[in-house]
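What follows is one structure encoded as structure tokens, with my remarks underneath.
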Amino acid sequence: MGKEKKGIRLEHIGKIYQDPKTKKDFYAVKDTSLDIEPGSFVTLLGPSGCGKTTTLRMIAGFESPDEGEIYLGGEPINGLTPNKRDTAMVFQSYALLPHYNVFDNVAYGLKLRKLDKGTIEKKVTDILKLVGLEGRESRMTNQLSGGQQQRVALARALVLEPGVLLFDEPLSNLDAKLRVSMRTEIRRIQQEAGITAVYVTHDQSEAMAISDKIIIMNKGVVEQMGTPQEIYYRPKNEFVADFIGEANFLHGKLLRRQGADGIIEINGNEIEVKEIGDTEPGTDCTLLLRPEGATLADAGELPCEVTLSCFMGSYQNYHVLVGDTLVKITDFNPKNKKVYAVGDKAFVAFAPESGYLI
Ligand code: ATP
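For what it's worth, the working numbering labels the leading residue of the sequence shown as 70, then goes sequentially.
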């Protein structure tokens with residue numbers, strides 16, 4: 070759309086609310102610093118109440134931070150009202166004008182800006198094409214499906230050519246199948262429009278599928294920001310590992326270093342691990358093992374006993390006990406493998422690259 074893409078920077082942002090029950094002040098967002106690159110798609114993800122929406126609303130200007138400064142394209146924006154910021158928000162509720170047709174809903178913001186009729190017509194037509202609503206200009210919005218209404222909401226935000234597009238759980242009101250196709254559409258449109266996007270969701274698969282970077286929040290603070298792969302394979306702590314995908318945590322001790330790698334002891338077994346960072350020998354540590362990163366075998370890294378064995382079609386789902394730790398394993402393509410039954414003694418087998426020390 071030929072407009073400058075804008076980055077967003079949050080510097081030590083804090084937002085304090087009062088708990089309505091206890092009347093005590095608390096930080097809904099605390100000392101949060103973030104750098105969002107121009108043109109990137111970034112998702113705020115975390116459990117209910119972690120401060121995602123509050124962060125988004127502060128970027129939009131619907132809430133003002135009590136501490137810190139927000140920058141848009143390098144300019145401080147704390148003092149600007151929402152309509153003076155170069156942002157547009159797409160809401161969960163769509164917030165469409167019910168007695169207007171599709172064209173007029175999308176044109177509304179441009180009319181307020183007093184653009185001439187020809188320009189409005191061209192911009193609206195172009196945007197409706199981009200979101201796949203060509204030919205539906207004269208439909209009333211209450212005659213549209215949920216997915217189509219969300220496209221109108223998206224078109225209405227995009228037509229203003231904001232530097233940044235903000236999404237507050239935009240797909241929550243759609244059924245599961247439509248959510249999946251709409252998220253792909255949103256990603257395509259964001260890339261075609263070449264716009265910076267910040268997206269709030271509590272759906273981890275949505276975040277993984279759509280984002281350049283994911284920001285994991287917990288209790289008002291950012292736990293980690295990284296690409297979906299970084300967050301999944303190299304989580305900073307157990308909270309992040311557990312929040313994204315399924316995780317097994319095996320507790321042990323680092324015995325010795327071997328260059329960048331090392332040997333840890335778990336239940337008396339020596340296990341090779343890659344990239345141990347600056348962990349010192351003798352320290353207690355936790356090995357993250359994703360269920361699909363391990364298999365069951367007659368020989369392997371850790372002896373175990375099978376407590377659950379379920380055929381799931383594309384994989385065999387196992388629960389095993391390693392000592393008294395429950396480990397979940399998804400063993401893919403079980404047709405060509407030995408299948409273990411409940412009560413069997415076996416080994417959890419995995420390559421050193423499959424484990425990650427946290
Ligand atoms: P959800 O996924 O449930 O929407 P969230 O991560 O978006 O959660 P926020 O809406 O940002 O969370 O809320 C963060 C915390 O601040 C919560 O404890 C919430 O109850 C509280 N909170 C939000 N708005 C207000 C307000 N206006 N007054 C008091 N407390 C608030």
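All residues carry an ideal CB built from backbone N, CA and C; glycine is no exception.
Please read all numbers here as calculations on a predicted model, not as lab measurements.
Review point. DSSP three-state call for Gln161: helix, strand or coil?
Key: coil
- Would Val375 pass as a contact of Val417 if the rule is Cβ separation under 8 angstroms? no
Applying the criterion that 16 or more other CB atoms from any shown protein chain within 10 Å of the CB defines a buried residue, is Thr150 buried or exposed?
exposed
Is Gln87 close to the ligand ATP? I mean its beta-carbon at under 7 angstroms from any heavy atom of the ligand.
yes
> Is the number of C-beta pairs between the region 193-208 and the region 151-171 that are closer than 8 angstroms three or more?
Replying inline: yes
* To do: Throw me the rounded Cβ distance for the Leu358 and Phe308 pair, which I believe falls under 8 angstroms.
  => That belief does not hold up - the Cβ atoms of Leu358 and Phe308 are roughly 17 angstroms apart, past 8 angstroms.
Please determine, among Asp155, Gly178, Pro421, the residue with the shortest C-alpha to C-alpha distance to Ala266.
-> Asp155
(Q) What I want to know is whether the C-beta of Ala278 ends up closer than 7 angstroms to one or more non-hydrogen atoms of the ligand FMN. (A) For the structure depicted, the ligand FMN is absent and the ligand set comprises only the ligand ATP.
Taking the straight line between their C-alpha atoms, what separation do you get for Lys74 and Ala415?
55 angstroms
Take Phe160 and list the residues in its own chain whose beta-carbon comes closer than 6 angstroms to its own, dropping the five residues that flank it on each side.
Asp237
- [ ] State the DSSP-derived secondary structure class of Asp367, mapped to helix, strand or coil.
- [x] coil
Note to self: Beta-carbon within less than 8 angstroms of Ser28's beta-carbon, same chain only, minus the 5 sequence neighbours each way: which residues are those?
What the structure shows: There is simply no residue 28 to check, as the chain begins at 70 and stops at 427 in what is shown.
N- and C-terminal bounds of the beta strand (DSSP E) containing Ile139 | 136-141
Notebook entry, point to check: Does DSSP put Arg248 in a helix, a strand or coil?
Noted result: helix
### Message
For a quick check, are the C-beta atoms of Phe83 and Val98 less than 8 angstroms apart?
### Response
The residue you asked about is not Phe; residue 83 is Gly in the sequence shown. Against a cut-off of 8 angstroms, the Cβ pair of Val98 and Gly83 comes out as a contact.
For Thr355, verify whether its CB is less than 7 angstroms away from any heavy atom of the ligand ATP. no
Can you list, in chain order, the residues of its chain whose CB lies under 8 angstroms from that of Gly314, leaving out five sequence neighbours each side? Gln273, Tyr301, Arg359
**Message:** Rounding to the nearest angstrom, what Cα-Cα distance links Asn174 and Arg252 in this structure?
**Reply:** 22 angstroms
Roughly how many whole angstroms lie between the Cα atoms of Asp185 and Ala176? 11 angstroms
**Study point:** Residue closest to Gly337, alpha-carbon to alpha-carbon, out of Asp330, Arg303, His320
**Key:** His320
Inset, instruction - With DSSP collapsed to three states, give me the class of Lys414. - result: strand
Any chance the CB of Gly115 is under 7 angstroms from a heavy atom of the ligand ATP? yes
task: Leaving out five residues on either side along the sequence, give the residues of the same chain with a beta carbon under 8 angstroms from the beta carbon of Asp367.
output: Lys407, Ala415, Phe416
* To do: Compare the C-alpha of Met277 against each of Asn386, Arg256, Val228 and name the closest.
  => Arg256
Q: Between the Cα of Gln322 and those of Thr348, Gly328, Asp353, Tyr425, spot the shortest distance and give me the residue it belongs to.
A: The displayed chain sequence assigns Lys, not Gln, to residue 322. Lys322 has its Cα closest to that of Asp353, out of Thr348, Gly328, Asp353, Tyr425.
Worksheet item: Thinking C-beta only, is Lys305 closer than 8 angstroms to Thr296?
Response: no
Could you pull the start and end residues of the alpha helix (DSSP H) that Asp173 belongs to? 171-181
Can you tell me whether Arg325 is buried or exposed? The criterion is at least 16 other CB atoms within 10 Å of its CB, across all chains shown. exposed
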